[in-house]
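Visitor: In UniProt numbering, the protein residues as written are 807 to 1066. Note that the Cβ used here is the ideal one computed from N, Cα and C, for glycine as well. Please find one structure pasted underneath; my questions will follow.
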Amino acid sequence: LQIEADLPQAARRGQMRLVYQPIVDLQSGVVGGYEALLRWQHPQLGTVSPGEFVPLAEELEMISDLGSFVLEEACRTFQSVSGGVTAGPDAPAAPALQVNVSTRQFLRPGFAQVVCRILDATGFPASRLHLEITESALILDLDEAARTLTELRALGVRIHIDDFGTGHSSLAFLHRFPVDGLKIDRAFIARLGEDQVSVKLVETVLLLARTLEVEVIAEGIETRMQRDHLTRMGCRWGQGYLFSRPLERADTLALLQADC
Ligand code: G
Ligand code: G
Ligand code: MN
Ligand code: NA
807 LQIEADLPQA ARRGQMRLVY QPIVDLQSGV VGGYEALLRW QHPQLGTVSP
857 GEFVPLAEEL EMISDLGSFV LEEACRTFQS VSGGVTAGPD APAAPALQVN
907 VSTRQFLRPG FAQVVCRILD ATGFPASRLH LEITESALIL DLDEAARTLT
957 ELRALGVRIH IDDFGTGHSS LAFLHRFPVD GLKIDRAFIA RLGEDQVSVK
1007 LVETVLLLAR TLEVEVIAEG IETRMQRDHL TRMGCRWGQG YLFSRPLERA
1057 DTLALLQADC
């Protein structure tokens, strides 16, 4: 497989880059954060999706290096803009940086130490770093997950559950593993106008989030109808093509600069 042969050198050859998708307050439109999304620009194959190469990187035991590259690049990029700013008491909160962490990367012993080292090296504030993990990261190895979560929270890093609703986490899990936010999978958002079950599901997640006092982000919002529906249901945060596609680094920096 060509991607298997080329993946080990891809980052070193400068073929890996991050794009950043804004996360907005659905009422005001104000940007509250950005999700970093990895892109592989392959010289022959064009853009290869992380959906394809992240599982491969996990199999090839390369996910820790790739994941560290992502974390460091994202933190460095954000810190390069907001680093020198001392916010006054009335200043709006600096935007969060959401970074995806694969299950194997999360469960690898020493992951929290890697995060700690990158925060130290870049100077990026832990409280602005929100890691997105999926439900499987919590379920596959309960002890390691509990240990890592505790260590990350001690650093002040926040944890969001990505693709929420598609995995197997139960209420008991959310109780045992305290997290800071849930991202409602875009499959449910896509069906909001079409079936009542999706509406009920989204309402249930919103209620759950309110009860647990965690943030909710609705993913994959593509239409005003979806946005309005979510706003009426009390969802605060949203992300999707309606607001913005993922932005190149330079465009992200320009937006961040304007905020500072
Ligand atoms: O951006 P796109 O829709 O192609 O992403 C496809 C999948 O890859 C999504 O599940 C997304 O969470 C994941 N992904 C995107 N960027 C990263 C990354 O930097 N690290 C990991 N582990 N997964 C990522
Ligand atoms: O699994 P995760 O939620 O991290 O995946 C995020 C992926 O969703 C990114 O690859 C991003 O490109 C994609 N995405 C973001 N907004 C939209 C949208 O409005 N519609 C669709 N179909 N995909 C989106
Ligand atoms: Mn994500
Ligand atoms: Na998702």
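Consider the C-beta atom of Asp-968 and the heavy atoms of ligand 3; say whether any pair is separated by less than 7 Å.
Guide: Answer for Asp-968: yes, Cβ within range of ligand 3.
Visitor: For Phe-970, name the three-state secondary structure that DSSP assigns.
Guide: Strand, per DSSP.
Visitor: Using alpha carbons as the reference points, say which of Ala-960, Gly-1040 and Gly-1026 lies closest to Leu-1014.
Guide: Gly-1040
Visitor: With H, G and I counted as helix, E and B as strand and the rest as coil, what does DSSP make of Val-1011?
Guide: helix
Visitor: Taking C-alpha atoms, which residue in His-974, Leu-955, Ser-908 and Leu-824 lies nearest to Arg-882?
Guide: Leu-824
Visitor: Can you tell me which of the three DSSP states Thr-853 falls into?
Guide: strand
Visitor: Where are the alpha helix (DSSP H) runs, 4 residues long or more, that stay fully inside the stretch 812-880, in chain order?
Guide: 856-865
Visitor: Quick check: is any heavy atom of ligand 3 less than 7 Å from the C-beta of Glu-841?
Guide: yes
Visitor: Determine the direct distance from the alpha carbon of Leu-1018 to that of Leu-877, and round the result to whole angstroms.
Guide: 28 Å
Visitor: Are the beta-carbon atoms of Leu-988 and Val-963 separated by less than 8 Å?
Guide: No.
Visitor: Since I believe Leu-866 is in contact with Leu-813 (beta carbons under 8 Å), could you give me their beta-carbon distance rounded to a whole number of angstroms?
Guide: The beta-carbon separation of Leu-813 and Leu-866, rounded to 7 Å, stays under the 8 Å limit for a contact.
Visitor: Please name the residue or residues paired with His-936 in a DSSP beta bridge.
Guide: Gln-904 and Arg-964
Visitor: By DSSP's criteria, Lys-989 is part of a beta bridge. Which residues make up the other side?
Guide: Secondary-structure assignment with DSSP links Lys-989 through a beta bridge to Ile-1023.
Visitor: What is the residue span of the alpha helix (DSSP H) that Cys-1041 lies within?
Guide: From DSSP, Cys-1041 is part of no alpha helix (DSSP H); its letter is neither H nor E.
Visitor: In angstroms, rounded to a whole number, what distance separates the CA positions of Pro-856 and Asp-831?
Guide: 27 Å
Visitor: Name the DSSP bridge partner or partners of Leu-1053?
Guide: Tyr-826
Visitor: Between the beta-carbon of Arg-1033 and the beta-carbon of Leu-1012, is there less than 8 Å?
Guide: no
Visitor: Which of the three DSSP states is assigned to Phe-979 in this structure?
Guide: helix
Visitor: Once the 5 residues before and after Thr-1058 are set aside, which same chain residues still bring their CB inside 6 Å of it?
Guide: Tyr-826
Visitor: Below 8 Å, how does it come out for the stretch 964-972 and the stretch 938-947: are there three or more Cβ pairs, yes or no?
Guide: yes
Visitor: Cβ of Leu-958 within 7 Å of any heavy atom in ligand 1?
Guide: no
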